[in-house]
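K.L.:
Below are the structure tokens for one structure; questions will follow.
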């Protein structure tokens, strides 16, 4: 059982409708089954894109960008510095994280050598821009994490969700066809590594736009950080689940 399946198992248990067996038909679909009533398939929801003819899968399981920025900022000793600045940044996926570690530190090192002058947004590597804004001097802290902007959120999130949920639902349906008639309902559980959660506005827009894949009676997206935080992307059954 992988991590996504363990989290899904925790969420299924919280529904309190019975004990789901893991791989009831062996190493094939479904991942979980409840008698002959419900089959559940689990997978990660990620983003696929093509960049410079390279096929890349973007997965938020990689080291968080904020952690990379924080590590770079905290690596500088400002004991001899008389100025401090906020490090504001924005980014777009795909992002080469290893490049970012090096280029961001080089950018900050150069700024420190020039007594931390304010800058306009500067692209330090593909998909990542930084600007410095003066702040109140904080002894020992030449750089302070400022505002961040993920350009793939909001306007890009719902289209990405629509495209990738439809893609994954079709792929998993093909894998489940041999066992289709052995269960009354099939549920698709997605570990949401695109956005973790959907806010009310994004969820409403998604539901208003998506054409549910009717093979899947329910489609659930859950937060990998806390699988008990989840959304029904669609629900085509009368099955009552306590939420």
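In UniProt numbering, the protein residues as written are 1 to 243.
Glycine residues also receive a C-beta, built at the ideal position from the N, C-alpha and C atoms.
Owing to the predicted nature of the structure, the values given are computational and were not obtained by experimental measurement.
Can you give the Cα-Cα distance for residue 24 and residue 33, rounded to whole angstroms?
P.N.:
Roughly 6 angstroms separates the two Cα atoms.
K.L.:
With 16 as the cutoff for other CB atoms within 10 Å, does residue 46 come out buried or exposed?
P.N.:
Residue 46 should be labelled buried.
K.L.:
Determine which residues share a DSSP beta bridge with residue 123 and list them.
P.N.:
DSSP output for residue 123 lists 129 as bridge partner(s).
K.L.:
DSSP on residue 30, reduced to helix/strand/coil?
P.N.:
Of the three classes helix, strand and coil, the one that applies to residue 30 here is coil, per DSSP.
K.L.:
Measuring only the C-alpha atoms, how far is residue 171 from residue 132?
P.N.:
C-alpha separation (whole angstroms): 45 angstroms.
K.L.:
With distances taken from CA atoms, which of 3, 6, 2, 11 is nearest residue 229?
P.N.:
Here the closest residue by C-alpha is 11.
K.L.:
Report buried or exposed for residue 113, applying the criterion of at least 16 other Cβ atoms within 10 angstroms of its Cβ.
P.N.:
By the neighbour-count rule (16 or more Cβ atoms within 10 Å), residue 113 is not buried but exposed.
K.L.:
Tell me the rounded alpha-carbon separation between residue 120 and residue 206.
P.N.:
Taking the straight line joining both Cα atoms gives about 36 angstroms.
K.L.:
Is it the case that the region 127-147 contacts the region 175-193, given that we only count it when at least three CB pairs across the two stretches are under 8 angstroms?
P.N.:
Not touching, per the Cβ criterion.
K.L.:
Which whole-angstrom value describes the C-beta separation of residue 231 and residue 188, a residue pair presumed to lie in contact below a C-beta threshold of 8 angstroms?
P.N.:
13 angstroms between Cβ atoms; not a contact.
K.L.:
Using 8 angstroms as the Cβ pair cut-off and three pairs as the minimum, do the region 69-89 and the region 134-149 touch?
P.N.:
With the cut-off at 8 angstroms, the region 69-89 and the region 134-149 touch.
K.L.:
Three-state secondary structure (DSSP) at residue 182?
P.N.:
Of the three classes helix, strand and coil, the one that applies to residue 182 here is helix, per DSSP.
K.L.:
Does the distance from the C-beta atom of residue 168 to that of residue 43 stay below 7 angstroms?
P.N.:
Yes, Cβ-Cβ distance for residue 168 and residue 43 is below 7 angstroms.
K.L.:
Where residue 5 and residue 30 are concerned, what is the direct C-alpha to C-alpha distance, given to the nearest angstrom?
P.N.:
Roughly 11 angstroms separates the two Cα atoms.
K.L.:
What residue does the alpha helix (DSSP H) around residue 205 start on, and which one ends it?
P.N.:
Looking at the DSSP string, the run of the alpha helix (DSSP H) that includes residue 205 is 200-209.
K.L.:
Taking only three categories from DSSP, how would you classify residue 41?
P.N.:
Of the three classes helix, strand and coil, the one that applies to residue 41 here is strand, per DSSP.
K.L.:
Mind checking who residue 190 pairs with in its DSSP beta bridge?
P.N.:
Answer by DSSP bridge pairing, in chain order: 43, 221.
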